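See structure below.
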Amino acid sequence: MTSSLAPVRARVAELAHGRRRNRRASAFCKTLFWGLCAAAVVAWFVPVQTTVLALGVLVALAAVIALVAATLIPVDPIAIAKRYDDRAGTHDLLASSLQLEGDDAFVRAVHEDACAAAEAGGPGTREVFPTRLPREARWLPYPALGCGAAMLFLVLSAATPPQRAPSEEEMAVRLSGAQALQDIRDRLARDEASELNSERLRALQALADLLKNEQIQRKDALAELAKLAAQLDKERRELEGRKLAAEKNATRLAKGEDLKDARRDMEGGKYREAAAKVQKKIEELQKKIEELKKAKADQLEIEKMEQRLKELQQLLAELLDLDALGRELGFELEVLDVLDRIEGELGELGEFDGEEFDNVQLGRPRPPGERPENDEEARQLFAYPSNEDGRGHNKTVLGQAKRALTERQEEEARLRESKGRSSFGQVKTANDRSRSQLAYKEAALAAKQAAEDAIYRQNIPPGYRTYIRTYFEALQPDEHAAAGQPAGRDK
Amino acid sequence: MPRPASRPGGTSDPRRPGRRRPARRAKDPTVNQETGDVRVQVDAFQRDFNRLVTEIRKEIVGYDEQIRLVATALFARGHVLLEGVPGLGKTQLVKALAQAIHTRFSRIQFTPDLMPADIVGTTMVVEDAGGQKTFRFQRGPIFANVVLADEINRATPKTQSALLEAMQEHTVTSGDTTYRLEEPFFVLGTQNPLEMEGTYPLPEAQLDRFLFKLTVDYLGEDDLVEVMNRTTKAHQSGIGPVFDIDRINQMIELVRRVPVADHVVRYAVRIVRGTHPRSEVAPEPVNRFVKYGSSPRGVQAMILGAKVRALSEGRHHASCADVKAMALPALRHRLILNFEGEAEDVRTDSVVEAVLAAVPEIREGAA
Chain L
9 MTSSLAPVRA RVAELAHGRR RNRRASAFCK TLFWGLCAAA VVAWFVPVQT TVLALGVLVA
69 LAAVIALVAA TLIPVDPIAI AKRYDDRAGT HDLLASSLQL EGDDAFVRAV HEDACAAAEA
129 GGPGTREVFP TRLPREARWL PYPALGCGAA MLFLVLSAAT PPQRAPSEEE MAVRLSGAQA
189 LQDIRDRLAR DEASELNSER LRALQALADL LKNEQIQRKD ALAELAKLAA QLDKERRELE
249 GRKLAAEKNA TRLAKGEDLK DARRDMEGGK YREAAAKVQK KIEELQKKIE ELKKAKADQL
309 EIEKMEQRLK ELQQLLAELL DLDALGRELG FELEVLDVLD RIEGELGELG EFDGEEFDNV
369 QLGRPRPPGE RPENDEEARQ LFAYPSNEDG RGHNKTVLGQ AKRALTERQE EEARLRESKG
429 RSSFGQVKTA NDRSRSQLAY KEAALAAKQA AEDAIYRQNI PPGYRTYIRT YFEALQPDEH
489 AAAGQPAGRD K
Chain F
6 MPRPASRPGG TSDPRRPGRR RPARRAKDPT VNQETGDVRV QVDAFQRDFN RLVTEIRKEI
66 VGYDEQIRLV ATALFARGHV LLEGVPGLGK TQLVKALAQA IHTRFSRIQF TPDLMPADIV
126 GTTMVVEDAG GQKTFRFQRG PIFANVVLAD EINRATPKTQ SALLEAMQEH TVTSGDTTYR
186 LEEPFFVLGT QNPLEMEGTY PLPEAQLDRF LFKLTVDYLG EDDLVEVMNR TTKAHQSGIG
246 PVFDIDRINQ MIELVRRVPV ADHVVRYAVR IVRGTHPRSE VAPEPVNRFV KYGSSPRGVQ
306 AMILGAKVRA LSEGRHHASC ADVKAMALPA LRHRLILNFE GEAEDVRTDS VVEAVLAAVP
366 EIREGAA
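Same order as they appear, the protein sequences are chains L and F.
Taking our numbering, I'd label the letters of the first sequence as residues 9 to 499.
Taking our numbering, I'd label the letters of the second sequence as residues 6 to 372.
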């Protein structure tokens, strides 16, 4: 008969809570440690918000793993009893009692002693399994610091200057532009015949909303405007290409004296009217063919007329297509005009003081201390050689001089004995270390003129023009700078 | 929760300050009466053991640990090899033990010319009163309860091997007759590590038969003063017999009944496996310096010693701490060092201590 070890088992079960608590803490810290190590690496490559979210998930995951580990991994009652014996100084009494079985008087005595020891109190759970910081916890600050450093770096690098509220004048321009865009959009949306897809309508609405939003900075609004303008411009070019092809086909098909009026309309761009005339001709021809068929006229003549009918039908299709293309192009041009007007008005509002466009800082007035006091100083300031990169504008405009790229081109060389390849290079930019023979003022003015020409020729889509114009204005030398001074390097 | 100053039912252990002994249920009338006898026997064992130790201390100054270990080996039915330089009281210790337990005691001074028959005995022709001549076995000094094999390494291997059967089987065979030795049969060999000239180191097989090997070291100043006082003045030790042979045999029987939990046995086994080079639990010094580790007799020695230690402390079961306490005397003579170990003068004690430090008392999930 084995004695009842209920008190011993109860004591061990009570102590097991302490063991599980420590195991939970250990599993939690271990998971957190390795998770943080991974996060410290990943944090450099993902947005801060994602990292914060991932850290939250990681903590939750660590808690779940700790809970599961403590629940599922069984605790060894013998080891727990041994731990208790070591703390209580009971010489493995509880641990031995859990293992010894049999009817021996010694074993029963051991069981009795163990029960008495278990009931007599002794060290509690916290003494047997004291709450200690797991070993992994000591290393937690290191990956946590790594995560923190990564996030701090990302936050600092992504920090934007304080938002400047748009002026009333600017808002008026923006609201007016938005209203114009809205009007076009509403009109086109009402026009059932319009083949404009909903994507374009949505883009117009989005830009109108953006212009109305006071939180959006002027440069951001201009950027969005430029994006839409570029897209419309691209579509315009495609439509023009298609229109050209359709016009060619229509001209080819519109032969004959009977289509003289229609041709005149086509030349005047009145495709709808031309189409109506062609339609009328088609109906007349169809009637004529019917009559000839009834009269059982010459089959050859009937076939000739049917061939003509087919051509007229093709012409009609081309004219209708041209009409649709014309309407689409009209829309594109109308929108582009509006965008152009908005961009122009926004650009004329004033300087982008202190506003940064990517890496280029524009229009920042030179601090009073740096302004040349007199002509001599101005001459010296802009005289070459200078060790500084561009005193007429912010240094960040050009940055450090870089080696000019050269274009290389390979050519077949015909030799007397055999064929081979030869290559020659052509330097397309100024040498980075050589002296410029052109005065800085002249160079800047020439560059500005070239930019203006490009804008005038509409090679630059709306939205980008303001940037370009402002940039080249910023490159202009101070009026104190004497003409005829060398431009220095890299200008 | 602060530990209570005094636990109900517990008594403080004088040998381990700060530690407490488990509550004794024997004093509780509700305790099962069937275990009462065992408790009485264990209490008696503890009392007699301590009496024996106290009695030997009357003659021997210092060497408390050695005295307790010699007594432990006696009740574990083992033999002890005492090693120490001459004059430290090894022989005196054995004589004091023999006086205290009131048994037949033999002292054999081992010399190179000692023959096996001088130990075991010999068959002689005896003439009776009627003039009839008969062969009679004349028992040698080994037929005693306590045999002191003094300077055992001075006898030839042939003579040393005469002890093998007696130590292991507790029997002596002469011709075709086997004689059983009277229990208890307890051999205490002594040897000194200094004079190696003309000695025959004990073979490993014989060393393995000693339960413990005890080293006797120099005494401290106070103990040495006490020795001087006792030996240079008129002094009567007054050692008297504490108990007789029957009581010793009862105590030996009781030792065998002490239960040992599985985790304690496994701990002893892991320690012995730790002495085996290239085993998974062997620490670096074992792999480096040990040629052969302990035999299974090492486990037996530790477990038996642990049982005696438990009883001598009034406990009904052996613990890991008991095994640990027995590890050094039980294993130090069972390790054979390799050439590197010998060359670097590595002590087997340090190797065993490294094993003890490396082997955990319990492995979770594999008690």
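Backbone N, C-alpha and C fix where the C-beta goes; we use that ideal spot for every residue, glycine too.
Keep in mind it's a predicted model, so treat the numbers as computed, not measured.
Is there a Cβ of chain F sitting closer than 8 Å to that of residue i, yes or no?
i: ARG5 of chain L; result: Because residue 5 of chain L is not part of the residues shown, which for chain L are 9 to 499, the question remains open.
i: LYS90 of chain L; result: yes
i: LEU61 of chain L; result: no
i: HIS25 of chain L; result: no
i: LEU101 of chain L; result: yes
i: SER34 of chain L; result: no
i: SER104 of chain L; result: yes
i: VAL20 of chain L; result: no
i: PRO15 of chain L; result: no
Starting from the beta carbon of residue i, find every residue of chain L whose beta carbon is closer than 7 Å, and list them in chain order.
i: ASP267 of chain F; result: GLN107
i: ARG52 of chain F; result: Within chain L, no residue comes near ARG52 of chain F; the closest Cβ sits about 17 Å away, beyond 7 Å.
i: PRO264 of chain F; result: LEU108, ASP112, PHE114, VAL115 and VAL118
i: ARG320 of chain F; result: HIS99
Which chain L residues are close to residue i, counting only those with a beta carbon under 8 Å from its beta carbon?
i: VAL364 of chain F; result: Chain L residues near VAL364 of chain F: none, gap ~14 Å exceeds 8 Å.
i: VAL313 of chain F; result: Those within 8 Å of VAL313 of chain F in chain L number zero; the least Cβ separation is about 14 Å.
i: ALA326 of chain F; result: HIS99 and ASP100
Does residue i have its Cβ less than 8 Å from a Cβ in chain L?
i: PRO27 of chain F; result: Bear in mind that the predicted position of PRO27 of chain F carries a pLDDT of just 47, short of 50, making it unreliable; the figure below should be weighed with that in mind. Cβ-Cβ to chain L under 8 Å: yes for PRO27 of chain F.
i: SER317 of chain F; result: no
i: ALA49 of chain F; result: no
i: VAL374 of chain F; result: This structure gives no information on residue 374 of chain F, because the portion of chain F shown stretches from 6 to 372.
With H, G and I counted as helix, E and B as strand and the rest as coil, what does DSSP make of residue i?
i: ASP509 of chain L; result: Residue 509 of chain L falls outside the range modelled here, since chain L spans only 9 to 499, and no answer is possible.
i: ARG143 of chain L; result: helix
i: GLU188 of chain F; result: coil
i: ASP155 of chain F; result: strand
i: MET201 of chain F; result: coil
i: LEU340 of chain F; result: coil
i: ALA303 of chain L; result: coil
i: PHE110 of chain F; result: strand
i: ARG144 of chain F; result: strand
i: TYR223 of chain F; result: coil
i: THR77 of chain F; result: helix
i: LEU87 of chain F; result: strand
i: MET129 of chain F; result: strand
i: THR280 of chain F; result: coil
i: SER355 of chain F; result: helix
Using 8 Å for Cβ pairs, my map puts residue i next to residue j. What's the rounded Cβ distance?
i: PRO162 of chain F; j: PRO117 of chain F; result: Not quite, the Cβ-Cβ distance comes to about 11 Å (not below 8 Å), so this is no contact.
i: HIS338 of chain F; j: LEU212 of chain F; result: 5 Å
i: LEU186 of chain F; j: PHE142 of chain F; result: Incorrect: roughly 13 Å between the Cβ atoms, too far for contact.
i: ALA311 of chain F; j: VAL328 of chain F; result: 5 Å
i: PHE115 of chain F; j: GLU64 of chain F; result: With 8 Å as the limit, PHE115 of chain F and GLU64 of chain F do not qualify as a contact, their Cβ atoms being about 23 Å apart.
i: LEU330 of chain L; j: GLU248 of chain L; result: The pair is not a contact, with the Cβ atoms about 12 Å apart (cut-off 8 Å).
i: ALA78 of chain L; j: ALA35 of chain L; result: 7 Å
i: GLU340 of chain L; j: ARG244 of chain L; result: 4 Å
i: ILE5 of chain F; j: ALA101 of chain F; result: No answer is possible for residue 5 of chain F: it lies beyond the span of chain F, which begins at 6 and ends at 372.
Since residue i meets chain F, which of its residues come closer than 7 Å, beta carbon to beta carbon?
i: LEU66 of chain L; result: What LEU66 of chain L touches in chain F: nothing, since even the nearest Cβ is about 28 Å away.
Legend entry - Cβ contact (3+ pairs, closer than 8 Å) linking the segment 52-62 of chain F and the segment 219-236 of chain F: no
Legend entry - Three-pair Cβ contact test at 8 Å for the segment 227-235 of chain L versus the segment 337-357 of chain L: yes
Inset, instruction - State whether the segment 314-322 of chain F contacts the segment 252-270 of chain F, with contact taken as three or more CB pairs (one from each stretch) at a distance under 8 Å. - result: yes
Legend entry - Given 8 Å, three or more beta-carbon pairs between the segment 339-348 of chain F and the segment 66-83 of chain F: no
Inset, instruction - Could you tell me whether the segment 279-291 of chain F touches the segment 354-366 of chain F, where touching means 3 or more Cβ pairs closer than 8 Å? - result: yes
Inset, instruction - Could you tell me whether the segment 113-120 of chain L touches the segment 128-143 of chain L, using the rule of 3 or more Cβ pairs below 8 Å? - result: no
Legend entry - Segment contact flag, the segment 315-323 of chain L with the segment 285-305 of chain L, C-beta cutoff 8 Å, min 3 pairs: yes
Legend entry - At least three beta-carbon pairs within less than 8 Å, the segment 267-283 of chain L to the segment 339-348 of chain L: no
Inset, instruction - Decide yes or no for the touch test of the segment 44-57 of chain L against the segment 158-165 of chain L: beta carbon pairs closer than 8 Å, at least 3 of them. - result: yes
Legend entry - Inter-stretch contact at 8 Å, needing at least 3 Cβ pairs: the segment 219-226 of chain F / the segment 92-112 of chain F: yes
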